[in-house]
Amino acid sequence: MKVTFWGVRGSFPVALSHCMRYGGNTPCIGIETDTSTILIDAGTGIRQAGNDLVERGIDQIDLLISHTHWDHVQGFPHFAPLYRSGTTIRIHGLNHKDHTLEQIFAAQQQPAFSAMTLDQVEAKLEFIALEEEQKFSIAAAQVQCHRLNHPGMACGYRIEHQGVAFSYISDTDLYGELLLGDDIPASSESEKEEWLERLRQGTRNLAHRTNLMVCDTFFLPEEYDPGWGHSSPDDALRLGQETQAQRIALFHHRPERTDEVLDELFAHYQSQAPDGIEVLIAKEGLEVTL
Amino acid sequence: MQIKLWGTRGSIPTPSKGQTIYGGNTPCVAVRTSDRRQLILDGGMGLHWLGKDLLQAGFSSGTGRAYILLTHTHWDHIQGIPFCYPMLISGNRFFIYGCGGPSTSMVDLLKQQMATTYCPVPNFFEDLIGATVQVENIDPGQFAIGETRILARQVNHVPGAVCLGYRLENGTSSLAYLPDVEYLEEEHRQQALELAQGVDLLIHNAHFTTEEYKNHRGQGYATDADALDIATRAGVGRLLLFHHHPERDDDAIERMAAAYADGDIPVEAARQGAQYTLGT
């Protein structure tokens, strides 16, 4: 399994020269196995991922969406495989209470916002609604998803193939209060506690003994602001320890973090890494073979 | 007028290593007028960084006021709005002008961008949240913001989007802004010529080269040759090639502008961060 980081920045794309080593594109990660091409999230990083797929003639693509905040979907209209006939793109993700995933993608490309509507693209698109907790297969890869703790709902993923496991846990507040929009019927404190424990257990299951866990580390501990649904590198290391992850990639960098600051963060958290865990920092162009 | 380019890239922000000189932020141009008003042309990703700059100028204490003129509502021209932090600060006042979509008002489109499905930032288009943001649908024609006279004309872009171009006159200086336009027929050039007539600075779409355009007719964009044609016929003082193609790197952009080095009109490629002073 080969993992390629195409976009690692959170919130919005950052086109500044002092952020170019780690990269300014919003989230997109490629997961390649012998039998499948999977992308996770469609931030602006998906533009370059798409150019690469077209160049290599890949025409079967599975796109897993964590959630539909702008930084995770805004690159989709600029995904080159959309404009190749003979290409099939399956898009997996959670439906919202009032809108399906397909409606959310179609609305992004309505004529007032986009020159190309979804029904004008050349590729065949299939939208696949996921349950909040589900296992399914993409060719020979086993995929598992679980809802995360993020306002308006997000979904984490685990992908296993030939004994190797990868997890994507972004965006989420791993150890904060419950943040689940108005679609959750939890009203009493005990119901909320139950929900929170369910989400945390689900998250641990996704991350369990993964060879690489990509984790939301938007906040530094001193910046932590409850309500936004993001975690810190300290949270990521704690989850890695609880789940015996082999490697952790710090991910979804805050727009303000320059290359220099990210260098310092990387050095600091490498030195803090618990025994047996390797800490990486997500960087545009980084490839990790598992 | 003091002009600063905060975003010059077309279609999608492109934070790429080979594109840091001309920049990867989508369109946003700041205009400071002689009567000290802050005008802003388009709200692409550059607006986030302009917003941070404005926090140094009264917008952090909630006493700022700015006027945003939108050409149209394609993502690359509005995607910076949710991340313009002065809009989250109560007391600031923003006036947004534009013409919305064919069947939807401007304010409804801008609110859709802030819907919780897509955006975790509080919706400052609602009353009582953040700055006072007033959205005005305008028709093509003339109006004024303080001492600046503005002419808006509808230009040809793509079906489904109503797209404006602007001419700004302030004191003795003038600017024309045509970030997205395609000339499918000679008639389409008339509005551009009217807007650009004799301006000190013309900011014009140059998304495609003439060679590329042959395969991209009808996509709503012009070429560097179109930009020079309008600049020459309108007798402008200086031309900025703008709305760079997402795949065009710094070297290619430089070559595009360098081809006009010996012409009668100074031609530059629009560079993120570049500043111009027009008039006195």
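Protein chains in written order, with this note's numbering: chain F, 1 to 290; chain U, 1001 to 1280. We put the CB at the ideal spot given by N, CA and C, even for glycine. What you are looking at is a predicted structure, and each value in this text was computed from that prediction instead of being measured.
Q: Provide the residue span of the alpha helix (DSSP H) that contains F/G240, from first to last.
A: Residue mapping note: residue 240 of chain F aligns to position 240 of the first sequence, counting from 1. Run containing F/G240: 233 to 243, per the alpha helix (DSSP H) assignment.
Q) Mind listing which residues of the segment 31 to 49 of chain F have their C-beta closer than 7 Å to chain U's C-betas, in chain order? A) T44, R47
Q) Would a C-beta distance cut-off of 8 Å place U/Y1085 and U/G1051 closer than the cut-off? A) Numbered from its first residue, the second sequence carries residue 1085 of chain U at position 85. Numbered from its first residue, the second sequence carries residue 1051 of chain U at position 51. Yes.
Q. Counting pairs of Cβ atoms below 8 Å between the segment 1138 to 1148 of chain U and the segment 137 to 149 of chain F, do you hit three or more?
A. no
Q: Determine the extent of the alpha helix (DSSP H) in which F/R342 is found, giving its start and end residues.
A: Within the shown structure, residues of chain F are numbered from 1 to 290, placing residue 342 of chain F beyond reach of any answer.
**Q.** Residue burial classification, F/A282 (beta-carbon count within 10 angstroms, cutoff 16)
**A.** Position 282 of the first sequence, counted from the start, is the residue given in the question as residue 282 of chain F. By the neighbour-count rule (16 or more Cβ atoms within 10 Å), F/A282 is buried.
Q) Which word fits U/F1143, buried or exposed, when buried means at least 16 other C-beta atoms lie within 10 angstroms of its C-beta? A) Reading the second sequence from its first residue, position 143 is the one you call residue 1143 of chain U. Exposed, by the Cβ-count rule.
Q: Along the beta strand (DSSP E) that carries F/G156, what are the first and last residues, could you check?
A: Stepping through the first sequence from its first residue, residue 156 of chain F is reached at position 156. That run of the beta strand (DSSP E) goes 154 to 161.
Q. Secondary structure at F/I104, three-state DSSP: helix, strand or coil?
A. Working through the first sequence from its first residue, we reach residue 104 of chain F at position 104. Helix at F/I104.
**Q.** Proximity of U/Y1089 and U/A1066 at Cβ, strictly below 8 Å
**A.** If you number the second sequence from 1, residue 1089 of chain U lands on position 89. If you number the second sequence from 1, residue 1066 of chain U lands on position 66. Before going further, note that residue 1089 of chain U is Ile rather than Tyr in the sequence given. Result no, Cβ atoms of U/I1089 and U/A1066 do not sit closer than 8 Å.
Q. List, in order along the chain, the chain U residues whose C-beta lies closer than 8 Å to that of F/M20?
A. Taking the first residue of the first sequence as 1, we reach residue 20 of chain F at position 20. Per Cβ cutoff of 8 Å: P1015, S1016, K1017, T1020.
Q | Those runs of the beta strand (DSSP E) which lie wholly inside the segment 1158 to 1184 of chain U and span at least 3 residues | A | 1163 to 1170, 1173 to 1178
Q: Could you check if U/A1258 is buried or exposed, using at least 16 other CB atoms within 10 Å of its CB as the buried criterion?
A: Your numbering for residue 1258 of chain U matches position 258 in the second sequence. By the neighbour-count criterion, in which a residue is buried when 16 or more other Cβ atoms sit within 10 angstroms of its Cβ, U/A1258 is exposed.
(Q) Quick check: the Cα distance between U/R1248 and F/W6, rounded to an integer number of angstroms? (A) Within the second sequence, numbered from 1, the residue matching residue 1248 of chain U stands at position 248. Within the first sequence, numbered from 1, the residue matching residue 6 of chain F stands at position 6. Looking at the two C-alpha atoms, the distance is approximately 19 Å.
Q. When the distance is taken between beta carbons, is U/E1182 closer than 8 Å to U/H1204?
A. Locating residue 1204 of chain U in the second sequence gives position 204, where the first residue counts as 1. Locating residue 1182 of chain U in the second sequence gives position 182, where the first residue counts as 1. Cβ atoms of U/H1204 and U/E1182: not closer than 8 Å.
Q: Please go through the same chain and pick out, in chain order, the residues whose beta-carbon is closer than 6 Å to the beta-carbon of U/V1107, but skip the five residues on each side of it.
A: Working through the second sequence from its first residue, we reach residue 1107 of chain U at position 107. Around U/V1107: V1135.
Q. Within 7 Å: the Cβ of F/R56 and any heavy atom of the ligand NAD?
A. Among the components modelled here there is no ligand, and therefore nothing to report on the ligand NAD.
Q | Length of the line joining the Cα atoms of U/G1046 and F/L290 | A | Counting from 1 along the second sequence, the entry for residue 1046 of chain U is found at position 46. Counting from 1 along the first sequence, the entry for residue 290 of chain F is found at position 290. Their Cα atoms are separated by approximately 38 Å.
(Q) Just to make sure I have the definition right: I need the residues of chain U whose C-beta is within less than 7 Å of the C-beta of F/N296. Which are they? (A) Past the boundaries of the shown model lies residue 296 of chain F; chain F is included only from 1 to 290, so the question cannot be answered.
Q) Which ranges would you report for the alpha helix (DSSP H) in the segment 1183 to 1251 of chain U if only whole runs of at least 4 residues count? A) 1189 to 1196, 1210 to 1213, 1224 to 1234
Q: Flag this pair as yes or no: are the beta carbons of U/R1023 and U/R1271 separated by less than 8 Å?
A: Within the second sequence, the letter at position 23 stands for residue 1023 of chain U. Within the second sequence, the letter at position 271 stands for residue 1271 of chain U. This sequence places Gly at residue 1023 of chain U; Arg is not what is there. Contact: yes.
Q | Contact belief for F/R209 with F/Q244 at Cβ below 8 Å, rounded distance in angstroms | A | Position 209 of the first sequence, counted from the start, is the residue given in the question as residue 209 of chain F. Position 244 of the first sequence, counted from the start, is the residue given in the question as residue 244 of chain F. So it is a contact: roughly 5 Å between Cβ atoms.
**Q.** Beta-carbon separation (whole angstroms), U/T1117 vs F/H99, contact threshold 8 Å
**A.** By 1-based counting over the second sequence, the position of residue 1117 of chain U is 117. By 1-based counting over the first sequence, the position of residue 99 of chain F is 99. Between F/H99 and U/T1117 the Cβ distance is about 6 Å, and since that is below 8 Å, they are a contact.
Q) Under a CB-based cut-off of 8 Å, is F/W70 close to chain U? A) As a first step, residue 70 of chain F must be located in the first sequence, where it is residue number 70. So, interface residue.
Q.
Is the beta carbon of F/D216 closer than 8 Å to that of F/F350?
A. Past the edges of chain F, shown from 1 to 290, lies residue 350 of chain F, and the structure says nothing about it.
Q. Given that a residue counts as buried once 16 or more other Cβ atoms are within 10 Å of its Cβ, and exposed if not, what is F/D71?
A. As a working mapping, residue 71 of chain F is identified with position 71 in the first sequence. The residue in question, F/D71, is buried, as its Cβ has 16 or more Cβ neighbours within 10 Å.
Q: Determine the closest residue to F/L64 out of F/G93, F/Y269, F/G285, F/Q110, with distance taken between C-alpha atoms.
A: Taking the first residue of the first sequence as position 1, residue 64 of chain F is located at position 64. Nearest option by C-alpha distance: F/G93.
Q. Are the segment 260 to 275 of chain F and the segment 1008 to 1023 of chain U in contact at 8 Å, needing three or more beta carbon pairs?
A. no
Q: Identify, in the order they occur along the chain, each residue of the same chain with its Cβ nearer than 8 Å to the Cβ of F/R204, setting aside the five sequence neighbours on each side.
A: Residue mapping note: residue 204 of chain F aligns to position 204 of the first sequence, counting from 1. Answer for F/R204: L239, E242, T243, listed in chain order.
Q) Would F/H18 be called buried (16 or more neighbouring beta carbons within 10 Å of its own) or exposed? A) In the first sequence, the residue the question calls residue 18 of chain F occupies position 18. So F/H18 ends up on the exposed side.
Q: Would you check if there are 3 or more beta carbon pairs closer than 8 Å linking the segment 80 to 95 of chain F to the segment 50 to 62 of chain F?
A: yes
Q: Just the chain U side, please: which residues come within less than 8 Å of F/G75 by C-beta, in chain order?
A: Position 75 of the first sequence, counting from 1, holds the residue named residue 75 of chain F. Those are I1012, listed as they occur along chain U.
Q | U/P1027 versus U/D1224 - alpha carbon distance | A | The count along the second sequence starts at 1 and reaches residue 1027 of chain U at position 27. The count along the second sequence starts at 1 and reaches residue 1224 of chain U at position 224. Whole-angstrom Cα-Cα distance: 17 Å.
Q. So does the segment 122 to 136 of chain F actually touch the segment 170 to 180 of chain F, counting three or more Cβ pairs closer than 8 Å?
A. As far as the Cβ criterion goes, the segment 122 to 136 of chain F does not touch the segment 170 to 180 of chain F, which means the pair count is below three.
Q: Output, in sequence order along the chain, the residues in the segment 1077 to 1098 of chain U whose CB is closer than 9 Å to any CB in chain F.
A: I1078, Q1079, G1080, P1082, F1083
Q: To the nearest angstrom, report how far apart F/H230 and F/P255 are at their CA atoms.
A: For the purposes of this step, residue 230 of chain F is identified with residue 230 of the first sequence, where counting begins at 1. For the purposes of this step, residue 255 of chain F is identified with residue 255 of the first sequence, where counting begins at 1. Computed Cα separation, rounded: 14 Å.
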